[in-house]
Structures are given as C-alpha cells and as structure tokens.
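Undergrad: Sharing a structure here in structure tokens format.
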Ligand code: 48H
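In the numbering used here, the protein residues as written are 156 to 405.
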C-alpha cells in the first residue's frame, strides 16, 4: 500500500535534512554550468563539503544548447581528460573533440552528485555575507520569489569559500563589486576564441578574500574576449578553481 502522506513526509524530511546540513559548509558554488559542475566534483572528491546553487530548474547552464541550439559541444584536446574522467564519449576532428551536449551535461551532473555535491536548484543567490573584509557565506532565496517580485526575506548559508560560476552575468562578483567598491567588473569583450580560451583559465583566481571566479564570469570580471561555443576553457577553469580553493583551505 502506498500512502500519499508517506510520500510527502519522505520528500519533506529528506529535503530539510539536506538543507540543514548545508547551512554550514566548506565551499558554496553559484551556478551549475560547465565550470561550476567541474569545480564542484573535484572539490567534493577532495573531501570538501560542497553546495551548488542554481537558480534554474535544470542543471547544466549553457551546455544544453550547444551552439545556436545545435546540441553538440566542442572541446579542445587539452581538456579531453576531463571528458574521459566524466565518461563522456567524443569524436575527434581537426584537433577538436565533439560530444553530445545532453550527454556532457548529464555526465558532469552525475559525477558531481556521486562525488557528494549537494544540489540546490531553483535557488537564487541574491547577496553574500561579508565579515572582516572576507566573503564567508551566501544569502539565498527561491528563484520564483525573485521572478514574482515577492517581498520575502532570504536565508543565509555560511562557508569558507564562495565560487562565482554564474557565466556571462558574474552575478556574485557584481554584487561584491557594487557593495564593497573593492572589485572592478571590466565587462566581457567581443569574440576571439583562441585568446579567450587561454585567458579564461589564466585569469581564474581569487578576486576578493573568500571569493573565487571561474568560467565565463572570469571574462566578465577581467574584460576578456568571449570564445563562442567551445567549452574546454570552462572545464579547465573549473578544475583550476577547485585546486585554488583546495589550496587556500588547507
Ligand atoms: C543562482 C545563478 C545566478 C544566481 C546565474 O552560463 P553557464 O553555463 O556558466 P559557465 O561559465 O560555466 O559556462 C559558460 C558557457 O555556458 C557559455 O555561456 C560560453 C562558453 N559562452 C561563450 C560565449 O562566447 O558566449 O552557467 C551559469 C549558471 C546558469 O545556469 C545560471 O542560471 C546560473 O549560473 N546563475 N544561479 N544564483 N545569482 N546567476
């Protein structure tokens, strides 16, 4: 016999246990695109307690749409090991690896989840906690609250490091820039794929004490060119930020 109320209790109790455990964490990542997913997996595999907040219903950010909704993803060979580690199949052509965007998104999500990352989708990060000039947590609310412009106060999550993986928006860095005046957002520049792919990894860094930036947000913060639909830089940037955060929390 299946009791409707048992289903309800199972969902409510499990979710609240997950949320309760997430309130004090090691690392909070904002944005579940390619860079955030890769970073989350490597940090969780190193034993850190990792939360991943995504405002949309779906996990995967810009991966799903490939290029102009053609759902294939191109990754340069330098990042192929990340595809291999995630178990993603690809074809090699002209020095590029071509994979299916649905498989890539699903595989990165699955690997992160299996590594122990706690996912919170439909959750919008609307602010950070700053104490003694260091980012030490996030201020979160349900995204539908924001979409409906409801006056509902948010909740707070504490952590030792925050990663902005919010893509073109660089939304966490923009908040910190606006509220502290200590960080400048230079704005993403026009397309130059080769230069952009190299630069996005090079500039992946800690931009304010306790706040790290990865993926397309790096281009927004540092005024780098965009690369179009090639994703190796996003994956490598995610891996690099995981190393930077892990070293800083040692
Ligand atoms: C919660 C948020 C918030 C918030 C945003 O855009 P993404 O896929 O990010 P990246 O940087 O990992 O990958 C970028 C890539 O997809 C891309 O766009 C490329 C390579 N473009 C090149 C070009 O030239 O155009 O994912 C970011 C995610 C999204 O899912 C947002 O919904 C989410 O972050 N997000 N989640 N709270 N405040 N802001």
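C-beta: ideal position from N, C-alpha, C; glycine also.
Bear in mind the structure is a predicted one, so any value in this text is a computation, not a measurement.
If you drop the 5 nearest sequence neighbours on each side, which residues of the same chain put their C-beta closer than 7 Å to that of residue 390?
TA: Taking the chain shown and counting its residues from 1, the one referred to as residue 390 is at position 235. 189, 193, 230, 234 and 237.
Undergrad: Mind checking which residues open and close the beta strand (DSSP E) that includes residue 362?
TA: Here residue 362 refers to the residue found at position 207 when the chain shown is read from its first residue. Its beta strand (DSSP E) spans residues 360–363.
Undergrad: In the DSSP output, which residue or residues are listed as bridge partners for residue 316?
TA: On the chain shown, position 161 is the one that residue 316 refers to. According to DSSP, residue 316 bridges with 182.
Undergrad: Note the first and the last residue of the continuous alpha helix (DSSP H) segment covering residue 192.
TA: Your numbering for residue 192 matches position 37 in the chain shown. Note, residue 192: alpha helix (DSSP H), 189–200.
Undergrad: Classify residue 250: buried if its beta carbon has 16 or more other beta carbons within 10 angstroms, exposed otherwise.
TA: Walking along the chain shown from the start, residue 250 turns up at place 95. Looking at its Cβ environment, which holds fewer than 16 other Cβ atoms inside 10 Å, residue 250 is exposed.
Undergrad: When we look at the beta-carbon of residue 225 and count the other beta-carbons within 10 Å, is it buried (16 or more) or exposed?
TA: Start at 1 with the first residue of the chain shown, and residue 225 comes out as number 70. Exposed, by the Cβ-count rule.
Undergrad: Can you have a look at residue 283 and say buried or exposed, based on whether 16 or more other CB atoms are within 10 angstroms of its CB?
TA: Here residue 283 refers to the residue found at position 128 when the chain shown is read from its first residue. Classification of residue 283: buried, given that the 10 Å Cβ count is 16 or more.
Undergrad: Looking at residue 327: is its Cβ nearer than 8 Å to the Cβ of residue 366?
TA: As a first step, residue 327 is located in the chain shown; it is residue number 172 there, counting from the start. As a first step, residue 366 is located in the chain shown; it is residue number 211 there, counting from the start. Taking 8 Å as the Cβ cut-off, residue 327 and residue 366 qualify as a contacting pair.
Undergrad: Cβ of residue 218 within 7 Å of any heavy atom in ligand 1?
TA: To locate residue 218, count along the chain shown from 1; it is residue 63. Answer for residue 218: yes, Cβ within range of ligand 1.
Undergrad: Run through DSSP, which three-state label would residue 97 get?
TA: For the chain, the structure presents residues 156 to 405; residue 97 sits outside this window and is missing.
Undergrad: Would the segment 332–352 count as touching the segment 298–311 if we require 3 or more Cβ pairs under 8 Å?
TA: As far as the Cβ criterion goes, the segment 332–352 does not touch the segment 298–311, which means the pair count is below three.
Undergrad: Helix, strand or coil, according to DSSP, for residue 380 in the structure here?
TA: Along the chain shown, read from residue 1 onward, the residue named residue 380 stands at position 225. Strand.
Undergrad: Of all the options 393, 186, 289 and 213, which has the alpha carbon lying nearest to the alpha carbon of residue 206?
TA: The sequence position of residue 206 within the chain shown is 51, counting from 1. Cα-wise, what sits closest to residue 206 is 186.
Undergrad: Can you give the Cα-Cα distance for residue 312 and residue 338, rounded to whole angstroms?
TA: As a position in the chain shown, residue 312 is number 157, starting the count at 1. As a position in the chain shown, residue 338 is number 183, starting the count at 1. Rounded to the nearest angstrom, the two C-alpha atoms are 22 Å apart.
Undergrad: If we require 3 or more residues per run, which beta strand (DSSP E) segments fall completely within the segment 213–262?
TA: For the segment 213–262, whole beta strand (DSSP E) runs of length 3 or above, ordered along the chain, are 227–231, 246–248 and 251–255.
Undergrad: On the premise that residue 212 lies in contact with residue 277, defined as a C-beta separation below 8 Å, what is that separation, rounded to the nearest angstrom?
TA: Along the chain shown, one-based indexing puts residue 277 at 122. Along the chain shown, one-based indexing puts residue 212 at 57. At roughly 6 Å, the Cβ-Cβ gap stays under 8 Å, so residue 277 and residue 212 are in contact.
Undergrad: Tell me the rounded alpha-carbon separation between residue 323 and residue 198.
TA: Within the chain shown, numbered from 1, the residue matching residue 323 stands at position 168. Within the chain shown, numbered from 1, the residue matching residue 198 stands at position 43. The alpha-carbon atoms of residue 323 and residue 198 are separated by roughly 23 Å.
Undergrad: Taking only runs that begin and end inside the segment 260–312, name each unbroken beta strand (DSSP E) of 3 or more residues, in chain order.
TA: Runs of the beta strand (DSSP E) inside the segment 260–312: 273–276, 278–286 and 289–297.
Undergrad: Hey, quick one: how far does the beta strand (DSSP E) through residue 346 stretch, first residue to last?
TA: Counting from 1 along the chain shown, the entry for residue 346 is found at position 191. Per DSSP, residue 346 belongs to the beta strand (DSSP E) from 344–346.
Undergrad: What residues are listed by DSSP as bridge partners for residue 368?
TA: Here residue 368 corresponds to residue number 213 of the chain shown, with the count starting at 1. Answer is 319 and 360.
Undergrad: When burial is assigned at 16 or more other CB atoms within 10 Å of the CB, is residue 395 buried or exposed?
TA: For the purposes of this step, residue 395 is taken as residue 240 along the chain shown, with counting starting at 1. Buried: at least 16 other Cβ atoms inside 10 Å.
Undergrad: Are residue 180 and residue 314 close, meaning C-beta to C-beta below 8 Å?
TA: Numbered from its first residue, the chain shown carries residue 180 at position 25. Numbered from its first residue, the chain shown carries residue 314 at position 159. Going by C-beta atoms, residue 180 is nearer than 8 Å to residue 314.
Undergrad: Is residue 189 close to ligand 1? I mean its beta-carbon at under 7 Å from any heavy atom of the ligand.
TA: As a position in the chain shown, residue 189 is number 34, starting the count at 1. Result yes, Cβ under 7 Å from ligand 1.
Undergrad: Going by DSSP in three states, residue 162 sits in which element: helix, strand or coil?
TA: Start at 1 with the first residue of the chain shown, and residue 162 comes out as number 7. Helix.
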